[in-house]
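**Q** Protein chains in written order, with the working numbering: chain V, 48 to 348; chain U, 574 to 831; chain D, 67 to 295. This is the structure, below, for whatever I ask next.
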Amino acid sequence: MNGYNFAYLDEQTKRMIRRALLKAVAIPGHQVPFGSREMPLPYGWGTGGIQVTASVLGADDTLKVIDQGADDTTNAVSIRRFFARTAGVATTTDTEQATIIQTRHRIPEKKLREDQIIVYQVPQPEPLFKLESSRAETRRMHALAEYGAMHVRLYEDITRFGQVAISYDYPVMVGGRFLMAPSPIPAFDNPKMHMMPALQLFGAGREKRIYAIPPYTEVRSLDFEDHPFRTTRAPHRCALCNADNSYLDEVVTDDRGGRMFVCSDTDHCETRQEAGHAGTGEALVREAPVGSAARGGGMKP
Amino acid sequence: MTDETLLSARDLSLHFGKIPALVGVDADLWPGEVLAVVGESGSGKTTLLNVLSGRMRADAGAVWYRDPARRLHDVHAMPAPALRALHRSDWGFVHQNPRDNLRMAVSAGGNVGERLMAAGNRHYGNIRAEAIDWLTQVEIDADRVDDMPRTFSGGMLQRLQIARTLVTHPRLVFMDEPTGGLDVSVQARLLDLIRSLVARLNIAVVLVTHDLAVARLLAHRIMVMQRGVVVETGLTDQVLDDPQHAYTQLLVSSVLQA
Amino acid sequence: MSAPPQMLRVEGLDKQFTLHLRGGLHLPVLHAVELAVHAGECVALAGPSGAGKSTLLRSLYGNYRADAGRILVRHDGEMVDIARAPPRTVVQVRAKTLGYVSQFLRVVPRVPALDIVAEAAPDRSREAAAALLHRLNIPARLHALPPATFSGGEQQRVNLARGFIGGHPILLLDEPTASLDAANRDIVIAMIADAKARGVAIVGIFHDAEVRGRVADRLLHIAPLQDAA
Numbered sequence: 048m049n050g051y052n053f054a055y056l057d058e059q060t061k062r063m064i065r066r067a068l069l070k071a072v073a074i075p076g077h078q079v080p081f082g083s084r085e086m087p088l089p090y091g092w093g094t095g096g097i098q099v100t101a102s103v104l105g106a107d108d109t110l111k112v113i114d115q116g117a118d119d120t121t122n123a124v125s126i127r128r129f130f131a132r133t134a135g136v137a138t139t140t141d142t143e144q145a146t147i148i149q150t151r152h153r154i155p156e157k158k159l160r161e162d163q164i165i166v167y168q169v170p171q172p173e174p175l176f177k178l179e180s181s182r183a184e185t186r187r188m189h190a191l192a193e194y195g196a197m198h199v200r201l202y203e204d205i206t207r208f209g210q211v212a213i214s215y216d217y218p219v220m221v222g223g224r225f226l227m228a229p230s231p232i233p234a235f236d237n238p239k240m241h242m243m244p245a246l247q248l249f250g251a252g253r254e255k256r257i258y259a260i261p262p263y264t265e266v267r268s269l270d271f272e273d274h275p276f277r278t279t280r281a282p283h284r285c286a287l288c289n290a291d292n293s294y295l296d297e298v299v300t301d302d303r304g305g306r307m308f309v310c311s312d313t314d315h316c317e318t319r320q321e322a323g324h325a326g327t328g329e330a331l332v333r334e335a336p337v338g339s340a341a342r343g344g345g346m347k348p
Numbered sequence: 574m575t576d577e578t579l580l581s582a583r584d585l586s587l588h589f590g591k592i593p594a595l596v597g598v599d600a601d602l603w604p605g606e607v608l609a610v611v612g613e614s615g616s617g618k619t620t621l622l623n624v625l626s627g628r629m630r631a632d633a634g635a636v637w638y639r640d641p642a643r644r645l646h647d648v649h650a651m652p653a654p655a656l657r658a659l660h661r662s663d664w665g666f667v668h669q670n671p672r673d674n675l676r677m678a679v680s681a682g683g684n685v686g687e688r689l690m691a692a693g694n695r696h697y698g699n700i701r702a703e704a705i706d707w708l709t710q711v712e713i714d715a716d717r718v719d720d721m722p723r724t725f726s727g728g729m730l731q732r733l734q735i736a737r738t739l740v741t742h743p744r745l746v747f748m749d750e751p752t753g754g755l756d757v758s759v760q761a762r763l764l765d766l767i768r769s770l771v772a773r774l775n776i777a778v779v780l781v782t783h784d785l786a787v788a789r790l791l792a793h794r795i796m797v798m799q800r801g802v803v804v805e806t807g808l809t810d811q812v813l814d815d816p817q818h819a820y821t822q823l824l825v826s827s828v829l830q831a
Numbered sequence: 067m068s069a070p071p072q073m074l075r076v077e078g079l080d081k082q083f084t085l086h087l088r089g090g091l092h093l094p095v096l097h098a099v100e101l102a103v104h105a106g107e108c109v110a111l112a113g114p115s116g117a118g119k120s121t122l123l124r125s126l127y128g129n130y131r132a133d134a135g136r137i138l139v140r141h142d143g144e145m146v147d148i149a150r151a152p153p154r155t156v157v158q159v160r161a162k163t164l165g166y167v168s169q170f171l172r173v174v175p176r177v178p179a180l181d182i183v184a185e186a187a188p189d190r191s192r193e194a195a196a197a198l199l200h201r202l203n204i205p206a207r208l209h210a211l212p213p214a215t216f217s218g219g220e221q222q223r224v225n226l227a228r229g230f231i232g233g234h235p236i237l238l239l240d241e242p243t244a245s246l247d248a249a250n251r252d253i254v255i256a257m258i259a260d261a262k263a264r265g266v267a268i269v270g271i272f273h274d275a276e277v278r279g280r281v282a283d284r285l286l287h288i289a290p291l292q293d294a295a
């Protein structure tokens with residue numbers, strides 16, 4: 048596209064961001080400040096992720112963008128089109144084909160490879176944000192690895208709810224050293240970060256922070272010995288591809304309580320359907336017990 | 574009893590502008606000993622507490638702490654991580670206002686357990702059991718363990734703060750007017766509690782108070798401060814019953830006899 | 067058989083008070099006091115009111131500071147000078163060697179009588195504390211109560227129990243029978259006699275001449291000094 052540098056950002060800015068990325072990779076889980084630029088989309092739409100992607104993108108890369116696991120939502124479509132126009136790179140919805148995956152709030156179900164990079168859009172990079180409002184103090188807490196307060200929060204959850212009630216952005220320890228916010232991915236995705244072969248990069252545009260997890264790095268979700276971290280998913284099969292181990296979205300299908308559980312990862316779901324897997328294709332009725340729904344007692348919209 | 578001090582300060586001086594807060598102050602504290610620092614408001618006693626605990630720096634002088642392995646540490650030259658670690662484990666600080674120390678939006682059990690979690694304890698059941706044990710030790714019903722501190726009375730809050738501080742079995746606790754702002758009957762209960770816990774756990778205490786009766790009941794030794802100067806020091810009962818310095822005589826004679 | 071060992075020796079003790087709030091008024095109270103007490107001996111301090119008997123007793127305990135002279139106490143086989151010893155040493159000497167029964171009970175409010183006495187016992191024995199309270203006619207129903215509400219005589223007996231239970235080889239008694247009736251007074255006299263038989267060295271102020279006559283082996287006369295101010 049005329050009038051723009053490759054991938055929108057000028058080379059000096061990309062160089063600055065790459066320096067921050069190198070530092071972030073060198074100190075896994077540590078938040079590195081960077082000079083976040085104004086981007087042609089509002090804060091909260093992925094300004095951090097888009098700058099990181101622009102800085103690591105090469106002409107021969109293939110880009111995939113997902114939003115809550117889906118390739119076809121507005122945010123995903125517009126960012127994908129943005130790079131197709133400003134960098135002329137190939138884009139894809141196929142996780143397998145992509146070399147760079149920018150994501151908002153999910154990690155693909157398919158296991159990522161060493162030759163892939165996943166870029167997370169991060170609204171709030173500070174995991175201690177809710178416990179300590181002073182940024183100077185949270186920096187000190189990270190520097191001294193004083194994370195007792197975070198465990199107090201987990202303690203309170205177990206005391207009040209019998210379990211840790213954090214369902215997304217569940218804090219993790221990276222490399223046994225830094226407490227890190229994994230961005231608002233479901234806690235279901237946390238185990239995928241552990242020893243992931245792909246490089247994981249995190250960009251927070253409004254908060255002007257970059258952090259990273261190098262390939263094959265230990266990532267542990269905080270827990271207690273007697274209350275170990277556990278993932279949860281809706282106790283259903285995907286209505287479209289019948290998967291029983293993927294993360295499901297609940298889709299409301301009408302105004303009478305009808306709803307349907309489908310894979311949040313659209314590419315994963317479509318790949319399975321193409322391979323011949325099929326669900327009931329039916330919505331559930333809210334009032335009906337789960338067991339009867341599974342037997343096909345649902346109501347069509 | 575050992576001859577080695579737990580904490581020693583030499584020639585501490587600190588001025589706030591032209592106002593002297595500490596002038597050539599020496600202090601020594603032995604393991605298991607309670608040292609009271611008394612004086613009126615502005616005498617420098619709270620400043621001394623802050624300087625001894627490393628929370629504030631002096632213009633001159635040094636504070637030495639001997640760790641359990643008998644190594645000496647210059648408190649003001651210690652790296653910040655080491656000092657903070659010390660404050661979380663071997664040391665404790667009891668504030669006059671418990672709200673300054675407690676997390677008011679966290680349950681009593683979470684407040685007591687925080688130092689254990691900070692020390693790396695990762696077993697919920699053990700942390701909770703320890704918290705309940707400490708609540709009982711400070712005479713708070715075990716079934717209040719999940720209650721929020723805002724539902725506690727002033728005396729209970731202060732006892733909760735003490736439980737939160739002592740849970741890691743510190744060897745040295747700094748106390749700033751721990752019974753200040755409490756009703757007389759609540760004060761008596763708290764005094765008795767502090768006295769028995771300190772004796773049973775062999776904790777050394779630097780106690781700042783303006784209340785000579787509190788000093789008499791809790792402290793082995795006493796330091797009397799006036800305008801940043803230690804004017805008199807010695808056995809608590811000796812200083813209070815046979816005060817030598819004019820200022821101490823004034824303080825002692827100013828106490829209302831109940 | 068050798069003579070009983072000297073437990074307490076006072077040499078050239080001077081004590082004066084300087085009242086800064088009254089223009090630095092000097093009140094000399096004791097001058098060149100000499101005293102030696104052996105194991106199993108009871109010395110009574112005698113003299114008119116205001117002569118300085120209490121001042122001497124408090125100086126022996128380290129409660130008052132000596133201006134000159136030495137106060138030597140046999141502690142752990144050595145003579146320790148209370149007048150010069152650092153505070154921590156005085157605390158140790160008091161814990162193990164030197165007991166003191168004051169006229170008034172001064173304790174943390176809210177602590178039960180039994181605990182007050184038991185805490186002073188060498189092994190913190192509650193049984194021994196209860197037995198001694200019984201001997202001093204403090205009924206069991208009072209043991210669990212804080213003594214703040216007790217009568218003067220009851221408080222004094224709790225105080226005596228606390229002083230005697232420690233098993234100190236030296237005891238300083240300040241008017242131990244002042245607020246007691248005849249029956250309780252006799253009990254205290256018997257306790258003092260028992261202590262002497264165990265070899266405890268005692269220095270006391272006994273206002274009651276009869277008590278003094280029955281427990282004291284010797285008298286030390288304290289004469290009032292002229293005001294030097």
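The beta carbon of each residue, even a glycine, is placed where N, CA and C say it ideally should be.
Which bits of chain U does residue 87 of chain D rub up against, with CB to CB less than 8 angstroms?
**A** In the third sequence, the residue the question calls residue 87 of chain D occupies position 21. The contacting residues are 819, 822, 823 and 826.
**Q** Mapping DSSP to helix, strand and coil, what is residue 707 of chain U?
**A** Counting from one through the second sequence, the residue named residue 707 of chain U turns up at place 134. In the structure shown, residue 707 of chain U sits in a helix (DSSP, three-state: H, G or I).
**Q** Going by DSSP, which residues form a beta bridge with residue 77 of chain D?
**A** The residue labelled residue 77 of chain D in the question sits at position 11 within the third sequence. Answer is D/136, bridged to residue 77 of chain D.
**Q** Can you tell me whether residue 211 of chain D is buried or exposed? The criterion is at least 16 other CB atoms within 10 Å of its CB, across all chains shown.
**A** Within the third sequence, numbered from 1, the residue matching residue 211 of chain D stands at position 145. Exposed, because fewer than 16 other Cβ atoms sit within 10 Å of the Cβ of residue 211 of chain D.
**Q** According to DSSP, is residue 104 of chain D part of a helix, a strand, or is it coil?
**A** Residue numbering aside, residue 104 of chain D sits at position 38 when the third sequence is read from its first letter. Three-state result, residue 104 of chain D: strand.
**Q** How many angstroms separate the CA atom of residue 120 of chain V from the CA atom of residue 666 of chain U?
**A** Residue numbering aside, residue 120 of chain V sits at position 73 when the first sequence is read from its first letter. Residue numbering aside, residue 666 of chain U sits at position 93 when the second sequence is read from its first letter. Near 54 angstroms, if we compare the C-alpha coordinates of residue 666 of chain U and residue 120 of chain V.
**Q** Report yes if the CB atom of residue 701 of chain U is closer than 9 angstroms to the CB atom of residue 270 of chain V, and no otherwise.
**A** As a working mapping, residue 701 of chain U is identified with position 128 in the second sequence. As a working mapping, residue 270 of chain V is identified with position 223 in the first sequence. No, Cβ-Cβ distance for residue 701 of chain U and residue 270 of chain V is not below 9 angstroms.
**Q** Listing by chain order, which chain V residues have their CB less than 9 angstroms from the CB of residue 651 of chain U?
**A** The count along the second sequence starts at 1 and reaches residue 651 of chain U at position 78. Correct list: empty, because the minimum Cβ distance to chain V is about 13 angstroms.
**Q** How far does the alpha helix (DSSP H) with residue 177 of chain V in it reach, from first residue to last?
**A** Here residue 177 of chain V refers to the residue found at position 130 when the first sequence is read from its first residue. That residue, residue 177 of chain V, is in no alpha helix (DSSP H); it is neither H nor E in DSSP.
**Q** At least one CB of chain U closer than 9 angstroms to the CB of residue 225 of chain D: is that the case?
**A** Here residue 225 of chain D corresponds to residue number 159 of the third sequence, with the count starting at 1. Taking Cβ atoms only, chain U never reaches closer than 9 angstroms to residue 225 of chain D, which makes this a no.
**Q** Spatial neighbours of residue 214 of chain D within its chain, please: CB distance less than 7 angstroms, with the 5 preceding and 5 following residues excluded, ordered by chain position.
**A** Reading the third sequence from its first residue, position 148 is the one you call residue 214 of chain D. Excluding residues within five positions, the ones whose Cβ falls inside 7 angstroms are 175.
**Q** Which residues does DSSP list as the beta-bridge partners of residue 52 of chain V?
**A** Walking along the first sequence from the start, residue 52 of chain V turns up at place 5. DSSP, once it has assigned bridges, lists V/55 as partnering residue 52 of chain V.
**Q** Which parts of the region 707-742 of chain U are runs of the alpha helix (DSSP H), unbroken and 4 residues or longer, counting only runs that do not cross its ends?
**A** 727-739
**Q** Can you check which of these residues, D/172, D/244, D/165 and D/209, is closest to residue 188 of chain D by C-alpha distance?
**A** Position 122 of the third sequence, counted from the first residue, corresponds to residue 188 of chain D. Nearest Cα to residue 188 of chain D within the set D/172, D/244, D/165 and D/209: D/165.
**Q** So, does the CB of residue 793 of chain U fall closer than 9 angstroms to a CB anywhere in chain D?
**A** The sequence position of residue 793 of chain U within the second sequence is 220, counting from 1. Residue 793 of chain U counts as touching chain D.
**Q** So within the region 250-276 of chain V, which uninterrupted beta strand (DSSP E) runs reach at least 3 residues, ignoring any that extend past its ends?
**A** 256-260 and 266-268
**Q** Would you call the region 201-209 of chain V and the region 122-133 of chain V touching, i.e. three or more CB-CB distances under 8 angstroms?
**A** no
**Q** Let me confirm a value: residue 614 of chain U is counted as buried when at least 16 other C-beta atoms fall within 10 Å, else exposed. Which label applies?
**A** Mapped onto the second sequence, residue 614 of chain U falls at position 41. Exposed, because fewer than 16 other Cβ atoms sit within 10 Å of the Cβ of residue 614 of chain U.
**Q** Determine the contact status of residue 142 of chain V and residue 324 of chain V, defining contact as a CB-CB distance below 9 angstroms.
**A** Counted from its first residue, the first sequence places residue 142 of chain V at position 95. Counted from its first residue, the first sequence places residue 324 of chain V at position 277. Result no, Cβ atoms of residue 142 of chain V and residue 324 of chain V do not sit closer than 9 angstroms.
**Q** Which one of V/98, V/154, V/74 and V/128 has the shortest CA to CA distance from residue 293 of chain V?
**A** Here residue 293 of chain V corresponds to residue number 246 of the first sequence, with the count starting at 1. Among V/98, V/154, V/74 and V/128, the Cα nearest to that of residue 293 of chain V belongs to V/154.
**Q** Kindly list the residues whose CB is nearer than 7 angstroms to the CB of residue 274 of chain D, restricted to its own chain and excluding five residues on each side of it in sequence; keep chain order.
**A** The residue you call residue 274 of chain D lines up with position 208 of the third sequence. Hits under 7 angstroms: 243.
**Q** Can residue 118 of chain V and residue 171 of chain V be called in contact, C-beta distance under 9 angstroms?
**A** For the purposes of this step, residue 118 of chain V is taken as residue 71 along the first sequence, with counting starting at 1. For the purposes of this step, residue 171 of chain V is taken as residue 124 along the first sequence, with counting starting at 1. Annotated as distal: residue 118 of chain V and residue 171 of chain V, with beta-carbon spacing of 9 angstroms or more.
**Q** So the candidates are V/158, V/299 and V/326; which of them puts its Cα closest to the Cα of residue 240 of chain V?
**A** As a position in the first sequence, residue 240 of chain V is number 193, starting the count at 1. Ranking V/158, V/299 and V/326 by Cα distance to residue 240 of chain V puts V/158 first.
**Q** Is there at least one Cβ from chain U nearer than 9 angstroms to residue 235 of chain D's Cβ?
**A** Here residue 235 of chain D is taken as the residue at index 169 of the third sequence, counted from 1. Output row for residue 235 of chain D: interface = no.
**Q** Distance cutoff 9 angstroms, beta carbons only. Does residue 170 of chain D sit that close to anything in chain U?
**A** Here residue 170 of chain D is taken as the residue at index 104 of the third sequence, counted from 1. Among the residues facing chain U, residue 170 of chain D is not included, as its CB has no counterpart in that chain under 9 angstroms away.
**Q** Output yes or no for whether 9 angstroms exceeds the beta carbon distance between residue 278 of chain V and residue 235 of chain V.
**A** In the first sequence, counting from the first residue as 1, residue 278 of chain V sits at position 231. In the first sequence, counting from the first residue as 1, residue 235 of chain V sits at position 188. Residue 235 of chain V is positioned such that its CB atom lies closer than 9 angstroms to that of residue 278 of chain V.
**Q** By Cβ distance, which residues of its chain are closer than 8 angstroms to residue 828 of chain U, with the 5 residues on each side in sequence left out?
**A** Stepping through the second sequence from its first residue, residue 828 of chain U is reached at position 255. Only 785 and 786 meet the Cβ criterion.
**Q** If contact means a Cβ-Cβ distance below 9 angstroms, which residues of the region 207-237 of chain V contact chain U?
**A** 207
**Q** Is any beta-carbon of chain B found at less than 9 angstroms from that of residue 193 of chain V?
**A** Among the chains of the structure shown, chain B does not appear; the protein chains present are V, U and D.
**Q** With distances taken Cα to Cα, identify the nearest neighbour of residue 812 of chain U among U/819, U/795, U/757 and U/802.
**A** On the second sequence, residue 812 of chain U is found 239 positions in, with the first residue counted as 1. Each of U/819, U/795, U/757 and U/802 was checked against the Cα of residue 812 of chain U, and the nearest Cα belongs to U/795.
**Q** Skipping 5 residues on each side, what residues in its chain have a beta carbon closer than 8 angstroms to that of residue 109 of chain V?
**A** Residue numbering aside, residue 109 of chain V sits at position 62 when the first sequence is read from its first letter. Around residue 109 of chain V: 136, 137, 138, 139, 144, 145, 146 and 147.
**Q** Measuring only the C-alpha atoms, how far is residue 121 of chain D from residue 100 of chain D?
**A** Here residue 121 of chain D refers to the residue found at position 55 when the third sequence is read from its first residue. Here residue 100 of chain D refers to the residue found at position 34 when the third sequence is read from its first residue. Their backbone Cα atoms lie some 14 angstroms apart in a straight line.
**Q** Over what stretch of residues does the alpha helix (DSSP H) that includes residue 202 of chain V continue unbroken?
**A** Reading the first sequence from its first residue, position 155 is the one you call residue 202 of chain V. Note, residue 202 of chain V: alpha helix (DSSP H), 195-208.
**Q** Mind listing the chain U neighbours of residue 273 of chain V? Cutoff is C-beta to C-beta under 7 angstroms, in chain order.
**A** In the first sequence, the residue the question calls residue 273 of chain V occupies position 226. Those are 696, 697 and 698, listed as they occur along chain U.
**Q** What residues in its chain sit with their C-beta under 8 angstroms from that of residue 661 of chain U, if we drop five residues either side in the sequence?
**A** Along the second sequence, read from residue 1 onward, the residue named residue 661 of chain U stands at position 88. The residues are 688, 691, 692 and 741.
**Q** On a CA-only basis, which of V/275, V/258 and V/244 is nearest residue 74 of chain V? Give me that one, please.
**A** Your numbering for residue 74 of chain V matches position 27 in the first sequence. Measuring from the Cα of residue 74 of chain V, the nearest candidate turns out to be V/258.
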